Amino acid sequence: MNQNGKTLRTKGKEFTIRNSLLTDLFENKHIRTVYHMFIATLIGLFVNTAVYDYLKKEEIILGLRLIQQGFGKIHIVSLIWLGYFLFTCLVYHFYKIWAKQRIFFPKLSHLKIWNWVGVTLLGLYYVSSFKIAGYVVTYFALPPASASIVLAEQTRLLMKIHSFIRNTCPTKPHTDEVVTLPTLSNFVYFLFVPTLVYRETYPRRDKIDWTFVCFRALECVGVIFFMSFVIDRFLNPTIQDFGLRSYTVKEIILCIFENTITGALILLPMFFIVLHSWQNLFAELTRFGDRLFYLDWWTCTDYSGYFRKWNIIVQDWLYLYIYRDFSEFLFKTNHLFAKFAVFSISAVVHEWILTYMFGFFFPLLFVEFLVFGSIFNFLGVPKTPLFNILFWYSLCLGMATLVTMYGLEFYARGNAPTENPTFLENLIPRFLTCNCIEF
């Protein structure tokens, strides 16, 4: 494997030096002009809102207050992340101790017991990692954006550890061949590169383009401001009075359809910052060569293609370590169960993040993801412009349903809280029990 080579192919995942799709598309002056049109439209929205706030409210907010609230206690988040990182490095050392015994003492009479000890400790670490992350977020009462950083990073590092162990675990006892384990530097580098599939080496760029880094960092800041602005300007005014006054069923349905455009204005920037700007930023800083973080999901006509193309980073991990492992070891005769396992695990983890991020249990995303997502995944449709339009509208409507209903639940619990709620009361959506809906 050549560190500066063009292609590396091992164990079912190919790494090669390539740009992100949007990076190449923006080289086209026509696509670049569309990008400029979006920026000009956003500037117009900012100016319009600034003038409105100043003339009507005599203050200019532009979502800054929401950013301050959402990213509160960021210093605590930094300390928690540092603790995660150090503990992850500690896991590496424990794993290396276990692996060395596995390699250099092949005739150990209790080798199977030693293997089960390793698997058991690893499973306990996985479970305790989720529990500790949830406890930390709750204990420090982290606001949603700060909590999402902690929870997402915990999940990311856990997926990294699983990939590292799955790809380096010695499968055979020591032979005459020289057996080496990955170094700590390789492991730490893997923790920072934008992939969840471990390799000893990756194709790398020759140098860091600091201009590219600065533009990606500015995009991240700009998108955060824009998403805060959209939520504060378009979403909150439709739902923030829930719990203070009664809403009719018709009014709630109307809110969902009114927020269809808002859903799109949240979905697209979220994709752009998470899968394009942020990943490319770290790829450039680590000189990571393979930047295929997504495919052209916007051309899809069905959800099967969308799920495969939306997030290649997670898709690779799910395919290699969930779908393929389940197919080979558990469901050898029926791949449908392996696919269902992928959807189930994805739905549970997404719901776990949202539960601790917002501080309440409201499994709407779980239902959309597991039920509708898995059903739509098996529905093939013609690849025509009409179905691409229908796909886009269903995507925006689904996002509108999520942001509206989670918003209603958030304000129901904030504006009409329950004193000393029981465990069962915490599981039941508050917007249904606060007597704020007129039937």
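Numbering follows this note's numbering, in which position 156 of the sequence shown is assigned residue number 164; successive positions increment by one, without gaps.
Yeah, the Cβ is synthetic: ideal placement off N, Cα and C, and Gly gets one too.
Keep in mind the model is a prediction, meaning the values are calculated, not measured.
* Asked: So is Arg299 buried or exposed if we call it buried at 16+ other beta carbons inside 10 Å?
  -> Arg299 is buried by the Cβ-count criterion.
* Asked: At what residues does the beta strand (DSSP E) containing Lys21 begin and finish?
  -> It spans 21-24 - the beta strand (DSSP E) in which Lys21 sits, taken as one unbroken run.
* **Alpha-carbon spacing of Ser193 relative to Tyr100, whole angstroms** => Whole-angstrom Cα-Cα distance: 11 Å.
* Asked: What are the complete alpha helix (DSSP H) segments, minimum 4 residues, inside the stretch 52-94?
  -> Taking 4 residues as the minimum length, the alpha helix (DSSP H) runs contained wholly in the stretch 52-94 are 72-78, in order along the chain.
* Residues bridged to Phe351 by DSSP? -> Beta-bridge pairing links Phe351 to no other residue.
* **Between the CA atoms of Ser312 and Leu38 - distance to the nearest angstrom** => Note that residue 38 is His in the sequence shown, not Leu. Approximately 29 Å between the Cα atoms of the pair.
* Measure the C-alpha to C-alpha separation of Lys21 and Tyr210 and round it to an integer number of angstroms. => 11 Å
* Expressed to the nearest angstrom, what Euclidean distance is found between the alpha-carbon atoms of Asn434 and Glu359? -> For Asn434 and Glu359, the distance between alpha carbons rounds to 15 Å.
* Tell me which same chain residues have a C-beta within less than 6 Å of the C-beta of Ser254, skipping the five on either side of it? -> Cys444, Glu446
* Are the Cβ atoms of Tyr414 and Leu372 separated by less than 8 Å? -> yes
* How many whole angstroms separate the CB atoms of Ile353 and Ile330, which I take to be in contact at a CB cut-off of 8 Å? -> 6 Å
* Pairwise C-alpha distance: Val238 and Ile274 -> 7 Å
* Asked: Mind checking Val473: buried by the 16 CB within 10 Å criterion, or exposed?
  -> Residue 473 lies beyond the stretch modelled for the chain, which goes from 9 to 447, so this question has no answer here.
* To do: Can you grab the Cα-Cα spacing for the pair Arg207 / Ile173, in whole Å?
  => If you draw a straight line from the Cα of Arg207 to the Cα of Ile173, it is about 11 Å long.
* To do: Measure the alpha-carbon distance for Leu293 versus Phe345 and round it to whole angstroms.
  => When rounded, the distance between both Cα atoms is 39 Å.
* Asked: CB-CB under 8 Å to Ile260, same chain, minus the five flanking residues each way: which ones, in chain order?
  -> Annotation for Ile260: Thr412, Leu416, Ile445 place their beta carbon closer than 8 Å to its own, counting only its chain and skipping 5 residues before and after.
* To do: Quick one: residues in its chain with C-beta nearer than 8 Å to the C-beta of Gln287, no 5 flanking neighbours on either side, listed in chain order?
  => Ser28, Pro202, Arg299, Phe301, Ile321
* **Simplified DSSP assignment, three categories, for Thr256** => Thr256 carries a strand assignment under DSSP once its states are collapsed to helix, strand and coil.
* Asked: How about the stretch 162-172 and the stretch 364-371: do they share at least three Cβ pairs that are nearer than 8 Å?
  -> In the pairwise beta carbon analysis, the stretch 162-172 is classified as not touching the stretch 364-371: fewer than three pairs are separated by under 8 Å.
* Asked: In three-state DSSP terms, what is Pro437?
  -> coil
* On a CA-only basis, which of Leu87, Tyr92, Thr128, Phe34 is nearest Trp106? Give me that one, please. => Trp106 has its Cα closest to that of Thr128, out of Leu87, Tyr92, Thr128, Phe34.
* Asked: Among Lys258, Val231, Phe395, Leu328, which residue has its Cα nearest to the Cα of Thr307?
  -> Per the Cα distances, Phe395.
* Pro393: beta carbon under 7 Å from a heavy atom of the ligand HEM? -> This structure does not include the ligand HEM; it has no bound ligands of any sort.
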